[in-house]
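Chemist:
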Amino acid sequence: MHFNIFTLFPEMFGCYFGVSILERVQAMGLVELVVHDIRDFAHDRHRVTDEPPYGGGGGMVLKPEPIFRAVEAVTGADPARRGPVILLTPQGRQFTQSVAQELAGYEQLNLIAGRYEGVDERVRAHLVTDELSIGDYVLTGGELAAMVVIDAIVRLLPGALGAEGAAESDSYATGLLEGPHYTRPAIYRGWQVPAVLRSGHAANIARWRREQALRRTWNRRPELLLTAPLDEEDRFFLGRLAEEIGGAGADSS
Ligand code: SAM
926 MHFNIFTLFP EMFGCYFGVS ILERVQAMGL VELVVHDIRD FAHDRHRVTD EPPYGGGGGM
986 VLKPEPIFRA VEAVTGADPA RRGPVILLTP QGRQFTQSVA QELAGYEQLN LIAGRYEGVD
1046 ERVRAHLVTD ELSIGDYVLT GGELAAMVVI DAIVRLLPGA LGAEGAAESD SYATGLLEGP
1106 HYTRPAIYRG WQVPAVLRSG HAANIARWRR EQALRRTWNR RPELLLTAPL DEEDRFFLGR
1166 LAEEIGGAGA DSS
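Right under this line is the structure:
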């Protein structure tokens, strides 16, 4: 999968893209992450990329010409052949696990990181094909948001996680939150790892994990239970949980 990232601050990406899974998927040839400096496409003497807003007011606005030039030079002039052009913006559609899943199906994604007051509206209207927000808050720039989006997509690509974990059981992938994890030692400060996890009984461990995921989702994000795919056993467990909580009050897990 190929990512083009358009930014005024390419140096921000080196560290994150150079370690752990993102570094490995590139070395494996699974992913190409190419960062483009918008400033390289500003052709005036001072390489100006931002100007004050028409109509007055504070802040600066990213000019359209360098962004159009950058995207068209890198991805070609034909919009049909370049894949989605995504603007990171607090006004975009909410980025979620299912959006990550949807975007993981593309061969190429192009991400534009805004700065200052954002980009000239003509970029949004005539170049951008999708707008993503990583949450209802305002960051200084779109670079962190681009890293968040890329990271969440890349770990869904077949082979990306290797032995380090399986994305299928992660929170949201199953429609539920994932249950708790334990590792050695078996007893720490008197706190024991649940015996079932040390039993070696695969079916019991799988059932325990499922029930923990249901319990945790019930406690923290009950609305997810309305849309999560549930089987008979899950419903039976949730019924028991309802009785247990009705009698004793919710625990904090
Ligand atoms: N004036 C803009 C507004 O009120 O909508 C906010 C501009 S923000 C200071 C600068 C840049 O940060 C934006 O152009 C966008 O690229 C990025 N950004 C900020 N918050 C974001 C968020 N929640 N999700 C994605 N990108 C964000």
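Start counting the sequence shown at 926; every next residue gets the next number (the working numbering).
Glycine residues also receive a C-beta, built at the ideal position from the N, C-alpha and C atoms.
All figures in this text were calculated on a predicted structure; none of them were measured in a lab.
Look at the alpha carbon of Glu1168 and the alpha carbon of Ile1130, and state the distance between them as a whole number of angstroms.
Modeler: If I take the Cα positions, the gap works out to 23 Å.
Chemist: Tell me which same chain residues have a C-beta within less than 6 Å of the C-beta of Gly984, skipping the five on either side of it?
Modeler: For Gly984, where only same-chain residues beyond five positions count, the Cβ hits under 6 Å are Tyr1041, Glu1042.
Chemist: Please list the terminal residues of the continuous alpha helix (DSSP H) segment that includes Gly1164.
Modeler: Start and end: 1157-1173.
Chemist: Is it a yes or a no for the region 1006-1013 touching the region 937-945, going by three-plus beta-carbon pairs under 8 Å?
Modeler: Cβ pair count under 8 Å is below three, so no.
Chemist: Going by C-alpha distance, which of Val960, Leu1149, Arg1140 is nearest Arg1165?
Modeler: Per the Cα distances, Arg1140.
Chemist: List the whole-angstrom C-beta distance separating Leu1081 from Ala1029, where the pair is believed to meet the contact cut-off of C-beta under 8 Å.
Modeler: Confirmed, about 4 Å.
Chemist: So is the beta-carbon of Val1063 under 7 Å away from any non-hydrogen atom of the ligand SAM?
Modeler: Checking every heavy atom of the ligand SAM against the Cβ of Val1063, one is found closer than 7 Å.
Chemist: Let me check you understand the geometry: is the CB of Thr1014 closer than 7 Å to at least one non-hydrogen atom of the ligand SAM?
Modeler: Yes.
Chemist: Could you give the uninterrupted runs of the beta strand (DSSP E) lying entirely in the region 936-1001, keeping only those of 3 residues or more?
Modeler: Entirely contained in the region 936-1001, the beta strand (DSSP E) runs reaching 3 residues are, in chain order, 957-962.
Chemist: Distance, Cα to Cα, Asp962 vs Val999?
Modeler: One C-alpha to the other measures close to 11 Å.
Chemist: Measuring straight from C-alpha to C-alpha, what distance separates Ala995 and Leu947?
Modeler: Cα-Cα distance, rounded: 24 Å.
Chemist: Quick check: what's the CA-CA separation for Pro1179 versus Arg1018?
Modeler: Nothing can be reported for residue 1179, as the shown portion of the chain is limited to 926 through 1178.
Chemist: Quick check: the Cα distance between Arg1135 and Ile1078, rounded to an integer number of angstroms?
Modeler: For Arg1135 and Ile1078, the distance between alpha carbons rounds to 25 Å.
Chemist: Would DSSP call Gly1008 helix, strand or coil?
Modeler: Of the three classes helix, strand and coil, the one that applies to Gly1008 here is coil, per DSSP.
Chemist: So, helix, strand or coil for Ser1178, using DSSP?
Modeler: Coil.
Chemist: With distances taken Cα to Cα, identify the nearest neighbour of Glu957 among Val1063, Asp1076, Val1053.
Modeler: Of Val1063, Asp1076, Val1053, the residue nearest in Cα terms is Asp1076.
Chemist: In three-state terms, what does DSSP make of Leu1150?
Modeler: Residue state, collapsed to three classes: helix.
Chemist: Measure from the alpha carbon of Tyr1097 to the alpha carbon of each residue in Met953, Ile1037, Val959, Ala1138, then state which is nearest.
Modeler: Closest option to Tyr1097, Cα to Cα, is Ala1138.
Chemist: Return yes when the Cβ of Gln1117 is within less than 8 Å of the Cβ of Glu1056, no when it is not.
Modeler: For Glu1056 and Gln1117, no; Cβs fall outside 8 Å.
Chemist: Just to confirm, is the Cβ distance from Ile930 to Val950 under 8 Å?
Modeler: No. Outside cutoff.
Chemist: Return the residue from the list Gly1171, Leu955, Leu1052, Gly1100 that minimises the CA-CA distance to Asp1003.
Modeler: Cα-wise, what sits closest to Asp1003 is Leu1052.
Chemist: Report yes or no: is there a C-beta of chain B within less than 8 Å of the C-beta of Pro978?
Modeler: In the structure shown, chain B does not exist; there is a single protein chain.
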